[in-house]
């Protein structure tokens with residue numbers, strides 16, 4: 040009965056979205072406040088209907104109701120409770136239900152907390168949100184019904200992919216969807232701006248909190264996914280340039296550009312058309328990612344579906360949403376005119392250059408991801424585009440982007456003092472060269488590519504600290520005055536400094552582990568030491584045991600440095616009888632400067648085991664940097680200026696008729 044109620048609630052959400060997509064737009068056209076306000080009520084009904092449907096599916100997983108096809112195909116009675124719950128979204132049908140739950144969540148948040156947004160704009164934004172929802176509700180109900188019953192329920196389920204039976208899966212998809220789907224708000228604000236003809240600083244301020252929330256969720260989701268791959272897949276790496284990984288990275292890149300561009304609109308009433316285009320493209324890339332994962336054209340541990348018919352449905356939705364928005368943009372954008380002008384040497388120019396570089400970096404990833412797929416569809420040829428391509432194309436562009444991110448805050452709005460910018464850039468460069476050379480000499484680092492990357496990361500961190508010091512009056516001001524000024528800085532300023540510092544730290548970690556990690560693969564017997572960089576790994580023993588729903592073989596690996604025991608690693612090999620699949624659980628110990636990492640392989644039949652040992656410097660910095668980047672957006676969200684309203688808007692002049 041609960042399952043049927045969940046199905047009914049999902050149908051109710053579809054009806055609410057139909058009302059939300061039509062009545063408010065009729066209200067804006069006729070000037071009816073009552074009709075426009077139905078957007079808020081419909082958004083709330085839609086959310087509660089979707090939440091009830093999601094709760095019903097969760098209940099079916101928790102009680103192991105194997106009469107539900109989705110539960111039977113993706114769960115088992117012996118699974119621990121946390122994996123029964125995370126199993127709700129670790130499959131195609133449940134993950135799509137999570138998708139629309141996130142969409143409806145953003146709609147209800149706008150309806151409840153969007154009081155500063157004029158009713159006409161809010162009604163139009165919510166109507167566009169509902170149009171997106173209609174397509175995906177129909178997709179779920181017609182092709183991916185999570186509540187479909189089985190005529191003959193099995194005694195037990197088929198289980199879930201053992202790779203997904205991990206705590207990381209409990210948090211990674213929801214956070215990723217918070218970003219993926221959250222960017223629908225930017226799309227809706229952009230389309231609403233084109234419909235109403237209102238694009239100004241107020242519009243940018245109304246949109247920016249939702250973009251910040253989505254961007255922070257996507258950042259955390261990508262970082263958690265990378266962390267899961269690092270410790271769960273047992274290959275010692277954190278990023279493979281997998282097409283599905285890239286599908287989440289592309290909207291992050293354009294979303295980052297959108298955040299910076301929206302600041303220019305808010306501060307200077309400039310880059311209006313560009314910002315609208317970025318808002319459309321950001322969510323469009325999220326939709327493309329959804330298509331890649333669910334179309335059947337990719338085979339990956341990240342992919343949910345292999346049914347081409349579902350892919351055609353999503354492709355149709357994608358074409359309608361993206362094609363419709365871009366057509367509207369081509370029609371309405373020429374009538375919008377920027378109100379702010381700025382000099383070549385200005386912060387606006389720096390942010391525009393930052394935007395162009397991020398867009399170019401996204402374009403490189405887009406080509407590398409989709410070109411092999413298009414080529415295979417065109418003539419059947421199969422090629423692989425991997426790390427060599429991305430390292431040679433993406434990394435140089437992103438390196439320059441980081442340098443510009445360091446220099447940009449040195450520039451004033453509208454017109455910067457050229458000599459002052461050159462002087463501060465030269466000071467930052469000198470400090471960064473000295474610090475990089477000191478690191479190279481202290482640790483004996485020789486790889487020039489790695490040192491160049493270290494310089495770029497150091498440059499961004501140094502520039503950020505120097506600009507923060509300048510803003511609070513150091514070194515001229517007394518410590519008490521500097522502290523008072525620091526306390527008085529807006530939250531968005533701390534978001535900027537924390538985000539740039541986090542990016543520098545994360546980049547330093549990526550460079551260190553990519554260039555200076557040490558890997559040794561061999562067959563070893565218990566008691567045999569193996570040198571790995573400055574450490575010595577010794578396999579002590581291997582034993583067997585049982586987990587909640589798996590059998591395990593686990594080893595103890597002692598790690599010493601100069602004869603002193605540093606730690607003992609516990610790598611495992613697990614076997615899941617229900618799914619008949621093995622997994623590898625790496626043994627990892629994190630130190631401040633890097634990770635000690637061990638993987639246990641197969642026995643060789645002569646008392647030895649295949650082992651993989653790593654020393655991965657910089658890995659903790661990657662995760663710490665990603666955390667700081669995520670927090671930077673959340674800190675910016677508490678800026679009181681985003682809560683008290685927006686600057687007094689002024690409508691842009693329309694293009695004169697010819």
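Numbering (the numbering used here), first residue to last: 40 to 697.
Glycine is no exception: its CB is placed at the ideal position from the N, C-alpha and C atoms.
9 Å Cβ cutoff, residue i in contact with chain C
| i | result |
| --- | --- |
| residue 564 | The structure shown has no chain C; it contains just one protein chain. |
Alpha-carbon to alpha-carbon, residue j and residue i
| i | j | result |
| --- | --- | --- |
| residue 168 | residue 363 | 14 Å |
| residue 197 | residue 427 | 39 Å |
| residue 697 | residue 97 | Confidence at residue 697 is low in this model, with a pLDDT of 34, below 50, so its placement is unreliable and the value that follows should be read with caution. Taking the straight line joining both Cα atoms gives about 60 Å. |
| residue 570 | residue 582 | 23 Å |
| residue 52 | residue 423 | 42 Å |
| residue 184 | residue 132 | 6 Å |
| residue 412 | residue 403 | 15 Å |
| residue 673 | residue 255 | 7 Å |
| residue 575 | residue 556 | 15 Å |
| residue 250 | residue 357 | 21 Å |
| residue 483 | residue 476 | 10 Å |
| residue 488 | residue 472 | 14 Å |
| residue 450 | residue 465 | 14 Å |
| residue 293 | residue 281 | 19 Å |
| residue 68 | residue 326 | 29 Å |
Own chain partners of residue i with C-beta closer than 6 Å, once the 5 adjacent residues on each side are dropped
| i | result |
| --- | --- |
| residue 175 | 139 |
| residue 323 | 361 |
| residue 437 | 400 |
| residue 273 | 623, 625 and 638 |
| residue 341 | In this prediction, residue 341 scores a pLDDT of 49, lower than 50, which makes its location untrustworthy; no coordinate-derived value is stated. |
| residue 660 | 544, 547 and 548 |
Beta-carbon proximity of residue i to residue j, cut-off 9 Å
| i | j | result |
| --- | --- | --- |
| residue 658 | residue 554 | no |
| residue 236 | residue 371 | yes |
| residue 95 | residue 44 | yes |
| residue 227 | residue 257 | no |
| residue 141 | residue 213 | yes |
| residue 321 | residue 353 | no |
| residue 538 | residue 667 | yes |
| residue 86 | residue 144 | yes |
| residue 303 | residue 425 | no |
| residue 635 | residue 608 | yes |
| residue 296 | residue 263 | no |
Residue i versus the options, residue with shortest Cα-Cα distance
| i | options | result |
| --- | --- | --- |
| residue 565 | 329, 220, 596 and 152 | 596 |
| residue 641 | 484, 610, 587 and 490 | 610 |
| residue 651 | 604, 665, 674 and 623 | 623 |
| residue 587 | 579, 615 and 599 | 615 |
| residue 382 | 369, 453 and 374 | 453 |
| residue 567 | 89, 646 and 194 | 646 |
| residue 439 | 491, 406 and 40 | 491 |
| residue 312 | 240, 590, 121 and 478 | 240 |
| residue 122 | 69, 207, 156 and 42 | 207 |
| residue 233 | 151, 359, 366 and 331 | 366 |
| residue 106 | 195, 617 and 64 | 195 |
| residue 210 | 50, 92, 134 and 301 | 134 |
| residue 204 | 664, 271 and 177 | 271 |
| residue 331 | 351, 315, 252 and 601 | 351 |
| residue 536 | 191, 63, 410 and 446 | 446 |
With 16 other Cβ atoms within 10 Å as the buried cut-off, status of residue i
| i | result |
| --- | --- |
| residue 431 | exposed |
| residue 290 | buried |
| residue 458 | exposed |
| residue 506 | buried |
| residue 268 | buried |
| residue 181 | exposed |
| residue 503 | buried |
| residue 147 | buried |
Same chain, Cβ closer than 7 Å to residue i, five either side skipped, listed in chain order
| i | result |
| --- | --- |
| residue 520 | 512 |
| residue 231 | 160, 163, 164 and 167 |
| residue 299 | 390, 393 and 394 |
| residue 572 | 557 and 654 |
| residue 561 | 569 and 650 |
| residue 60 | 166, 169, 170 and 173 |
| residue 306 | 452 |
| residue 678 | 529, 530 and 531 |
| residue 493 | 475, 478, 547 and 550 |
| residue 136 | 92, 93, 96, 179 and 185 |
Close beta carbons around residue i, own chain, < 8 Å, minus the five adjacent residues each side
| i | result |
| --- | --- |
| residue 468 | 498 |
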